[in-house]
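Student: Residue numbers (our numbering): 10 to 223. Shown below is the structure under consideration.
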Ligand code: TZP
Ligand code: MG
């Protein structure tokens with residue numbers, strides 16, 4: 010599947026650490042109402058059956074709003090829920106293997122930290138890349154820090170869309186201007202916010218500005 014670059018503008022990655030008294034589905038719906046252009050279901054500890062149930066539930070919402078929906082890591086859940094695709098990192102199944110499992114029509118996103126990894130992922134069938142940690146995240150403890158020059162270098166070397174991740178919020182988002190990324194992937198600045206709709210509206214505006222600045 011070929012992805013339109015606009016779908017990277019504001020990419021929401023779920024995290025049940027921030028649920029409070031709400032369901033993940035309610036939070037995702039608010040994020041979409043606020044303008045997110047892409048949703049990734051990231052579940053690090055749910056058993057398969059519950060992961061699949063969540064995926065099927067959230068897919069109904071993303072389908073209603075026509076927002077692309079991918080599953081983090083778990084290719085089986087992605088296939089069984091008929092999600093739009095999968096997102097894998099360097100420690101997960103290989104890009105070639107995942108592509109052979111999901112077929113050519115599904116979205117395949119890959120996290121990369123170097124130009125070499127980026128080129129390899131693109132060549133092996135990734136539809137977009139996630140790169141980071143760009144600003145120092147508190148959410149993922151083993152995230153690898155990435156400097157601005159590497160971000161720029163990856164963006165100039167690949168022709169698929171690139172989304173930046175890691176510690177991105179309203180105050181630092183515009184620092185990505187000129188990096189070449191097509192958008193931002195965000196967890197806590199969306200889901201830890203008490204007003205998810207408003208948080209997304211602000212982040213989307215900033216992301217559009219960042220991309221237009223170049
Ligand atoms: N990969 C690199 S950083 C990160 C992931 C999944 C976490 C991003 O979370 P936050 O809260 O937006 O910093
Ligand atoms: Mg992974």
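Idealized CB from N, CA, C, for every residue including glycine.
Can you tell me whether residue 116 is helix, strand or coil according to DSSP?
Tutor: The answer is strand: DSSP assigns residue 116 an E or B state.
Student: Would residue 16 and residue 56 qualify as a contact pair, given that the criterion is a beta-carbon distance under 8 Å?
Tutor: No, the pair does not count as a contact, with Cβ atoms beyond the cut-off.
Student: Using 8 Å for Cβ pairs, my map puts residue 139 next to residue 96. What's the rounded Cβ distance?
Tutor: Right, the Cβ-Cβ distance comes to about 7 Å (below 8 Å), so this counts as a contact.
Student: How is residue 104 classed by DSSP in three states: helix, strand or coil?
Tutor: Helix.
Student: With a threshold of 16 other CB atoms inside 10 Å of the CB of residue 51, please say whether the residue is buried or exposed.
Tutor: Counting Cβ neighbours within 10 Å, residue 51 comes out buried, since at least 16 surround it.
Student: Which residues in the same chain as residue 108 place their Cβ atom closer than 8 Å to its Cβ, once the five residues preceding and following it in sequence are excluded?
Tutor: Hits under 8 Å: 117, 133 and 134.
Student: Could you tell me if residue 74 is buried or exposed, where buried requires 16 or more neighbouring beta carbons within 10 angstroms of its beta carbon?
Tutor: Exposed, because fewer than 16 other Cβ atoms sit within 10 Å of the Cβ of residue 74.
Student: Can you give me the Cβ contacts of residue 153 inside the same chain, cut-off strictly under 7 Å, excluding the 5 residues immediately before and after it?
Tutor: Taken in chain order, the residues that qualify are 122 and 142.
Student: One question on the structure: do residue 225 and residue 192 come within less than 8 Å of each other, judged by their Cβ atoms?
Tutor: Because the chain is modelled from 10 through 223, residue 225 falls outside the range shown and cannot be assessed.
Student: Mind checking whether the beta-carbon of residue 81 lies closer than 7 Å to any heavy atom of the ligand MG?
Tutor: At least one heavy atom of the ligand MG is nearer than 7 Å to the Cβ of residue 81, so yes.
Student: At a cut-off of 7 Å, would you count residue 124 as near the ligand MG, judging by its Cβ distance to the nearest heavy atom?
Tutor: Not under cutoff, so the answer is no.
Student: Let me confirm a value: residue 46 is counted as buried when at least 16 other C-beta atoms fall within 10 Å, else exposed. Which label applies?
Tutor: Label assigned to residue 46: buried.
Student: Report whether the distance from the Cβ of residue 160 to the nearest heavy atom of the ligand MG is below 7 Å.
Tutor: Checking every heavy atom of the ligand MG against the Cβ of residue 160, none is found closer than 7 Å.
Student: For the candidate residues 127, 203, 36 and 181, whose alpha-carbon lies nearest to that of residue 168?
Tutor: When each option's Cα is compared against that of residue 168, the closest is 127.
Student: Residue 218 to residue 183, Cα distance in whole Å?
Tutor: In a straight line, the C-alpha of residue 218 is about 8 Å away from that of residue 183.
Student: Can we count residue 174 as close to the ligand TZP, meaning its CB is less than 7 Å from some heavy atom?
Tutor: Under cutoff, so the answer is yes.
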